[in-house]
Structures are given as C-alpha cells and as structure tokens.
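Engineer:
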Amino acid sequence: MRRNTGRTGPVDRIETDPDMIPSVYEVAKCLCSGCIIDGSENTDYNSVPVEQRVMFLQKVSCPSDPDKYSLNVVYKTVPVACTCAVPKQ
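1496 is the number that the numbering used here gives to position 47 of the sequence shown; each next residue is one higher, with no gaps.
1) How about Val1472 and Gly1483: do their beta carbons lie closer than 8 angstroms?
2) Leaving out the 5 sequence neighbours to the left and right, which residues in its chain are closer than 6 angstroms to Leu1506 when beta-carbon positions are compared?
3) What is the DSSP secondary structure of Val1535, counted as helix, strand or coil?
4) Could you please give the first and the last residue of the uninterrupted beta strand (DSSP E) stretch that includes Tyr1474?
5) Just the C-alpha distance for Thr1464 and Val1529, rounded to the nearest angstrom, thanks.
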C-alpha cells in the first residue's frame, strides 16, 4: 500500500471582525482541487479543508451606554488547514 506523503498547502487569508475577540484570525483555503504528490497535482485525490470549531467572544453593546459591552461565547467553524482525501464513489 502506497502511503500518500504529499500535501496541498493552504493559502491563509485574514478575517477581521471588530465585534469579536479575537478580532483578527486566519482562514485556510486549499490551493488545488487535487493533491500535490511527487511535485505535481494528482486528481485521483481531493484536497479538502480541515475545519476546527473555534471559540470567540462576541461584543454586545449595552443599550444604555454604547461605550460598554458584554461578552457572549460564540463558536465558529474555521478552516485551519488542507488535507488529501480519496473522493467519494
């Protein structure tokens, strides 16, 4: 059985949301639809994002004083990397 040692590296983009803590975070996007194996793209595999559930704190302004806010816990699913997978048949 041949082990797949190739990978498709992600391109990170920066997301910004001033109403969240952290307000800036990276999101991965896969470079190719196939996987890079032995230096070239192999479409026998799919490059798929690896997602992680990340906790953020959401700022909620107080109606009586806009300079103050409370914090709510919010979870977002964020793509953090890419991996190779065998396509579904």
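Here a beta-carbon is modelled for each residue, glycine too, at the ideal position from N, C-alpha and C.
Structural biologist: Taking the geometry as given:
1) Translated into the one-based positions of the sequence shown, residue 1472 becomes position 23. Translated into the one-based positions of the sequence shown, residue 1483 becomes position 34. One point to set straight first is that residue 1472 is Ser, not Val, in the sequence displayed. Not in contact: Ser1472 and Gly1483 (Cβ atoms no closer than 8 angstroms).
2) Taking the sequence shown and counting its residues from 1, one reaches residue 1506 at position 57. Excluding residues within five positions, the ones whose Cβ falls inside 6 angstroms are Ile1470 and Leu1520.
3) Here residue 1535 is taken as the residue at index 86 of the sequence shown, counted from 1. The answer is coil: DSSP assigns Val1535 none of H, G, I, E or B.
4) Indexing the sequence shown from 1 puts residue 1474 at position 25. Per DSSP, Tyr1474 belongs to the beta strand (DSSP E) from Val1473 to Cys1479.
5) Mapped onto the sequence shown, residue 1464 falls at position 15. Mapped onto the sequence shown, residue 1529 falls at position 80. The question names Thr, but residue 1464 is Glu in the sequence shown. Here the alpha carbons of Val1529 and Glu1464 stand approximately 12 angstroms from one another.
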